Amino acid sequence: MIGRPPHEIWQDSLEDGQRRLARPASVLAATGLLGGFHVTLGLLALIVTTGALAAVMPPSSAHVLGSLTFGFGLAFITLGRSELFTENFLIPVAAVAFGHSSKRAVARLWAITFVLNLVGIG
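Read in the numbering used here, the sequence shown has 82 at position 71, and its numbers run on one by one without any break.
Right, dumping it as structure tokens:
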């Protein structure tokens, strides 16, 4: 078998979910805010790239190529371990489902992340 066995990947995911749910509110706020900033950065990259390319090629082609740059924002979210409300919902829920944390912790994670993502985007 190439790579790690599925049960090891699952166990790591449960531990990651537990870690994310145990973060202090201040850390969730900071990572949620950064998640919003990173989405904005991806959108700005898309807009600037599309605008610049539209001057030298058809707008539809410019938009397709510009859209590829949005992924930079998502890469920053992953590499920076910031929180995005819509990212990896299964991991914290799995930690609760298998008794590693509480439903209240998931609600706290989602509430703080959602609000601070909106602030970071806004």
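Even for Gly, the Cβ is constructed at its ideal location relative to N, Cα and C.
In this text, all values refer to a predicted model and were calculated from it rather than measured experimentally.
For Ala33, the CB contacts under 8 Å within the same chain, skipping 5 residues up- and downstream, are Ser112, Ala116 in chain order.
In the three-state scheme derived from DSSP, where H, G and I count as helix and E and B as strand, His18 is classed as helix. Secondary structure at Leu95: coil, using DSSP grouped into helix, strand and coil.
With a threshold of 16 other beta carbon atoms within 10 Å, Val50 meets it and is buried. The alpha helix (DSSP H) runs lying completely inside the stretch 41 to 99 and spanning 4 residues or more are 70 to 78, 82 to 91, given in chain order. Judged by DSSP in its simplified three-state form, Ser113 adopts coil rather than helix or strand. Closest option to Asp27, judged by alpha-carbon separation, among Gly47, Val107, Leu54, His74: Val107. For Pro103, the enclosing alpha helix (DSSP H) stretches over residues 101 to 108. Distances from the alpha-carbon of Phe109 to those of Ile123, Gly14, Trp21 put Trp21 closest.
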